[in-house]
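Each step along the sequence shown adds one to the number in my numbering, with nothing skipped, and position 61 is 696. Glycine residues also receive a C-beta, built at the ideal position from the N, C-alpha and C atoms. Structure first, commentary second.
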Amino acid sequence: HGDGDPVLEVPGYRYVFVGSATPRPSDTDVLLQLLPGSGSTTIPAVVAAPAPSIDDRSSDASPTVVARVRSSDDLAVRYSTIDDLDTFAGLAATVFTVADLGTAPVGHYGQADGATALLPAP
């Protein structure tokens, strides 16, 4: 580990980045800056957030970090996402996805826009 190496690229670690169901855009921006994009080494990370409550769902609400990763052509192919971290299925999807990092393809789990399945395939 040299002086110029980013701390998140230390081998052997896996990361779960957790965002808010009702984020401030600046908080999501900070979290996204920690995820290397194209031309960089992908870190072993999963991005998750709880689903916004019915009261918090509005057209002017800031998108969650999961929604922003899924809407990015670059990040969506590099990092798996879970959009319902506050449910049993979301917790299970997070655990299974972290366990399979580096061996399974990237997936987008949950029930929000951009999800491809509720849980990873066994």
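Rounded to a whole number of angstroms, what is the C-alpha to C-alpha distance between residue 702 and residue 741? For the purposes of this step, residue 702 is identified with residue 67 of the sequence shown, where counting begins at 1. For the purposes of this step, residue 741 is identified with residue 106 of the sequence shown, where counting begins at 1. Residue 702 and residue 741: Cα-Cα distance of roughly 15 Å.
Report, in whole angstroms, the separation of the C-beta atoms of residue 732 and residue 681, which I expect to be a contact under 8 Å. Numbered from its first residue, the sequence shown carries residue 732 at position 97. Numbered from its first residue, the sequence shown carries residue 681 at position 46. Yes, residue 732 and residue 681 are in contact; Cβ-Cβ is about 5 Å, under 8 Å.
Assigned secondary structure, residue 678 (DSSP; H/G/I helix, E/B strand, else coil): In the sequence shown, the residue the question calls residue 678 occupies position 43. Coil at residue 678, not helix or strand.
For the 8 Å Cβ check, are there 3 or more pairs between the segment 651-659 and the segment 741-750? no
Inter-residue spacing [alpha-carbon to alpha-carbon] between residue 714 and residue 704: Along the sequence shown, one-based indexing puts residue 714 at 79. Along the sequence shown, one-based indexing puts residue 704 at 69. In a straight line, the C-alpha of residue 714 is about 8 Å away from that of residue 704.
Cα-Cα separation, residue 749 to residue 646: For this step, residue 749 is matched to residue 114 along the sequence shown. For this step, residue 646 is matched to residue 11 along the sequence shown. The straight-line gap from Cα to Cα measures roughly 30 Å.
Expected contact under 8 Å - CB spacing of residue 718 and residue 686 to nearest Å: Residue numbering aside, residue 718 sits at position 83 when the sequence shown is read from its first letter. Residue numbering aside, residue 686 sits at position 51 when the sequence shown is read from its first letter. With 8 Å as the limit, residue 718 and residue 686 qualify as a contact, their Cβ atoms being about 6 Å apart.
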